[in-house]
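For reference, the structure discussed in these notes is given below.
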Amino acid sequence: MEKEYLAGKTLDELTTIVTRMGMPRFSAGQIAAWLYRKRVRDINEMTNLSKQNRERLAAEYEVGYSDPVEDMRSVDGTVKYLFKTASGQYVESVYIPDRDRATLCVSSQVGCKMNCYFCMTGKQGFKSQLTAREIMNQIISIPESDTLTNLVFMGMGEPLDNLDEVMKALTILTAKWGFAWSPKRITVSTIGIKPHLTRFLEESNCHLAVSLHNPFPEERLSVMPIQKVYPIADIIALLRNYDFSHQRRLSFEYIMFSGFNDSLKHAEALSKLLKGMDCRINLIRFHAIPGVDLKTSVDSDMIAFRDYMNHKGFTCTIRSSRGEDIFAACGMLSTAKKENKDFLKGK
Numbered sequence: 025m026e027k028e029y030l031a032g033k034t035l036d037e038l039t040t041i042v043t044r045m046g047m048p049r050f051s052a053g054q055i056a057a058w059l060y061r062k063r064v065r066d067i068n069e070m071t072n073l074s075k076q077n078r079e080r081l082a083a084e085y086e087v088g089y090s091d092p093v094e095d096m097r098s099v100d101g102t103v104k105y106l107f108k109t110a111s112g113q114y115v116e117s118v119y120i121p122d123r124d125r126a127t128l129c130v131s132s133q134v135g136c137k138m139n140c141y142f143c144m145t146g147k148q149g150f151k152s153q154l155t156a157r158e159i160m161n162q163i164i165s166i167p168e169s170d171t172l173t174n175l176v177f178m179g180m181g182e183p184l185d186n187l188d189e190v191m192k193a194l195t196i197l198t199a200k201w202g203f204a205w206s207p208k209r210i211t212v213s214t215i216g217i218k219p220h221l222t223r224f225l226e227e228s229n230c231h232l233a234v235s236l237h238n239p240f241p242e243e244r245l246s247v248m249p250i251q252k253v254y255p256i257a258d259i260i261a262l263l264r265n266y267d268f269s270h271q272r273r274l275s276f277e278y279i280m281f282s283g284f285n286d287s288l289k290h291a292e293a294l295s296k297l298l299k300g301m302d303c304r305i306n307l308i309r310f311h312a313i314p315g316v317d318l319k320t321s322v323d324s325d326m327i328a329f330r331d332y333m334n335h336k337g338f339t340c341t342i343r344s345s346r347g348e349d350i351f352a353a354c355g356m357l358s359t360a361k362k363e364n365k366d367f368l369k370g371k
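What follows is the structure in structure tokens.
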């Protein structure tokens, strides 16, 4: 019989397991502590469970953590990790140290359904959803796990397209029986799936980042098919119903493409679209990917765009590029592994 994994289970799920096995209900909390605080790899290490209960548990379950299969280290300290999923696919997570901050960018899907023109992950197509275990494994199984200060769901995939498993991971991360992190340490990024966004806003206090990239509907549609189903104007109208002035932060991600969305005309339209919102705007340099003819904006255009938005009263910053020497674009390393390519060696 194939064993089931304990990692990625909530306290309620663990309680169901121990009750079915005739173990004391408080054993669920003990197991959760071993999984998420002490982060053991073997049920036999759960020494405050009786030997009989450990054996009973190990007969049907295993912990389920696994190490990265590969890593690439940048000269700036950024590390890109590659994990193999249960289905034999590959996903990436990226560790980004920055002075007193240590951020991990995690994936939520293998591939992506959204098919944004500028995204390498989208070029893979959608392969499978990651389970809460596979999401948590990215966080727990890197060498820098204990030093993390922040977490961003901005890796491969659309988090709100895998909402059940992402919400389960967020529960583990923020619950007292789990990591006990403040929601302020976690940001979830989305392209804008309206019905799932509503649930996220109602059930979580984590920060939200919305991928916007162009204020003009037709231009946005040309690179982001989601615009046809959930127009960005509708997403912004929804967000105006929520308070982002206190615990939760709202930001808009805006990748800058030369000659496409980086003019002052675009800045003016963006300021009108977001007028009156308590939000941040992150301008991001585009990392070129194969088969896409978009170019990175020049620094002078990015600075002019930023200054215009700040003059209009927004907090607008240019995000520093990290890890450009290690397959900077999300999805590059996993694509190379899948296709047995070595981009760095030109093969």
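My numbering puts the first residue of the sequence shown at 25, with every later residue one more than the last. Here a beta-carbon is modelled for each residue, glycine too, at the ideal position from N, C-alpha and C.
| query | result |
| --- | --- |
| Quick one: which unbroken alpha helix (DSSP H) runs of 4-plus residues sit fully inside the region 223-260? Chain order, please. | 241-247, 250-253 |
| Leaving out the 5 sequence neighbours to the left and right, which residues in its chain are closer than 8 angstroms to Thr359 when beta-carbon positions are compared? | Met144, Lys147, Gln148, Lys365 |
| Around the Cβ of Cys354, are there at least 16 other Cβ atoms within 10 angstroms (buried) or fewer (exposed)? | buried |
| Which parts of the region 275-319 are runs of the beta strand (DSSP E), unbroken and 3 residues or longer, counting only runs that do not cross its ends? | 304-309 |
| What distance in whole Å lies between the Cβ atoms of Arg125 and Asn68, which are believed to be in contact at a cut-off of 8 angstroms? | Incorrect: roughly 36 angstroms between the Cβ atoms, too far for contact. |
| Below 8 angstroms on the Cβ atoms is my guess for Leu307 versus Arg343; work out the distance and round it to an integer in Å. | 7 angstroms |
| Taking C-alpha atoms, which residue in Arg65, Asp185, Glu292 lies nearest to Ile164? | Arg65 |
| Excluding five sequence neighbours on each side, which residues of the same chain lie with their C-beta closer than 7 angstroms to the C-beta of Val316? | Tyr141, Phe142 |
| Within the chosen definition, does the region 238-249 reach the region 281-294 through at least 3 CB pairs nearer than 8 angstroms? | yes |
| What runs of the beta strand (DSSP E), each 3 residues or longer, lie entirely inside the region 94-180? | 94-97, 103-108, 114-122, 125-129, 133-135, 150-153, 174-177 |
| Straight-line CA distance for Leu297 to Ile217? | 18 angstroms |
| Given a threshold of 16 other Cβ atoms within 10 Å of its Cβ, counted over all protein chains shown, does Lys200 qualify as buried or as exposed? | exposed |
| Since Ile196 is in the beta strand (DSSP E), which residue starts that stretch and which ends it? | Element bounds for Ile196: not the beta strand (DSSP E) but the alpha helix (DSSP H), 187-198. |
| Starting from Ile210, follow its DSSP beta bridges and name the residues at the other end. | Leu175 |
| May I ask you to verify whether the region 89-104 touches the region 177-191, counting CB pairs closer than 8 angstroms and requiring at least 3? | no |
| Among Lys62, Met70, Gly337, which residue has its Cα nearest to the Cα of Met301? | Gly337 |
| By a C-beta neighbour count over all protein chains shown, 10 Å radius and 16 as the cutoff for buried, is Gln271 buried or exposed? | exposed |
| What whole-angstrom Cβ distance do Gln162 and Phe150 have, given they're in contact under 8 angstroms? | Incorrect: roughly 19 angstroms between the Cβ atoms, too far for contact. |
| Please report the distance separating the alpha-carbon of Leu197 from that of Trp205. | 6 angstroms |
| Count the other C-beta atoms from every protein chain shown that fall within 10 angstroms of the C-beta of Asn285, then say buried if there are 16 or more, exposed otherwise. | buried |
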